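**Q** One structure, as C-alpha cells, below. Some questions next.
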Amino acid sequence: MINNSYLVPANAKKGTLILNVFRLFDIVMFSSGILLTLLLITIVSSNNVILMLLCCLPAAITGFLVIPIPNYHNVLVAIQSIFNYYFNRKCYVWKGWCFYERFVNEQQSNKG
80 MINNSYLVPA
90 NAKKGTLILN
100 VFRLFDIVMF
110 SSGILLTLLL
120 ITIVSSNNVI
130 LMLLCCLPAA
140 ITGFLVIPIP
150 NYHNVLVAIQ
160 SIFNYYFNRK
170 CYVWKGWCFY
180 ERFVNEQQSN
190 KG
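Quick note, the sequence shown lines up with residues 80 to 191 if you use the numbering used here.
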C-alpha cells in the first residue's frame, strides 16, 4: 500500500485467462473454426487448390480473431469496441453548475 491507496499491476487480469492469453469464448470459437475446417476438408476431397483454401477459411478467420494485439485483448475485442463506439453511442446530457446557472437565469428572465 502506497499512501493509503492500492497499486494494481497492469497484468492483473491475465490471471483470470486461460494460459494468460485466452478467454473461454476465444478457445471455443477457435476450436469450432478448426473443427469446421477439418469437417470441410474431409467432406470435400478435391485436388482443386482454391477449393482447399476455401475449406481452410474458417480456421484462418477464427485464428485471426483470437490473435492478441496491444491495448486490447485480441482482434475480436477490438472489433467489438469499435462497433460499440459507433453504433451503441449514448447521449449524456451535461447537468453541471453551468446548466443550473443558465436554467436559473432563464427562469428569472421569464418571470420578470
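By construction, the Cβ of each residue, glycine as well, lies at the ideal position given by its N, Cα and C atoms.
As the structure is a prediction and not an experimental result, all values here were calculated from the model.
How would you label T116, buried or exposed, when you count the other beta carbons within 10 angstroms and need 16 or more for buried?
**A** Counted from its first residue, the sequence shown places residue 116 at position 37. T116 comes out buried.
**Q** Measure from the alpha carbon of V156 to the alpha carbon of each residue in L98, N99, F104 and T95, then state which is nearest.
**A** Taking the sequence shown and counting its residues from 1, one reaches residue 156 at position 77. Comparing Cα positions, the closest option is F104.
**Q** Can you tell me whether DSSP reads I120 as helix, strand or coil?
**A** As a first step, residue 120 is located in the sequence shown; it is residue number 41 there, counting from the start. Helix, per DSSP.
**Q** Are at least three pairs of beta-carbons, each pair with one atom in the stretch 122-141 and one in the stretch 156-166, less than 8 Å apart?
**A** Taking 8 Å as the limit for Cβ pairs, the verdict is that the stretch 156-166 does not touch the stretch 122-141.
**Q** Going straight from the alpha carbon of P137 to that of I113, what length do you get?
**A** As a working note, residue 137 is residue 58 in the sequence shown. As a working note, residue 113 is residue 34 in the sequence shown. When rounded, the distance between both Cα atoms is 7 Å.
**Q** Going by other Cβ atoms of all chains shown within 10 Å of its Cβ, with 16 needed for buried, is C134 buried or exposed?
**A** Numbered from its first residue, the sequence shown carries residue 134 at position 55. By the neighbour-count rule (16 or more Cβ atoms within 10 Å), C134 is buried.
**Q** Hey, quick one: how far does the alpha helix (DSSP H) through C134 stretch, first residue to last?
**A** For the purposes of this step, residue 134 is taken as the residue at position 55 of the sequence shown. Where C134 is concerned, the enclosing alpha helix (DSSP H) stretches over V128 to C134.
**Q** So is N107 buried or exposed if we call it buried at 16+ other beta carbons inside 10 Å?
**A** As a working note, residue 107 is residue 28 in the sequence shown. The question names Asn, but residue 107 is Val in the sequence shown. The residue in question, V107, is exposed, as its Cβ has fewer than 16 Cβ neighbours within 10 Å.
**Q** The alpha helix (DSSP H) with Y164 in it runs from where to where?
**A** Sequence index remark: in the sequence shown, residue 164 carries index 85 (1-based). Its alpha helix (DSSP H) spans residues V154 to F166.
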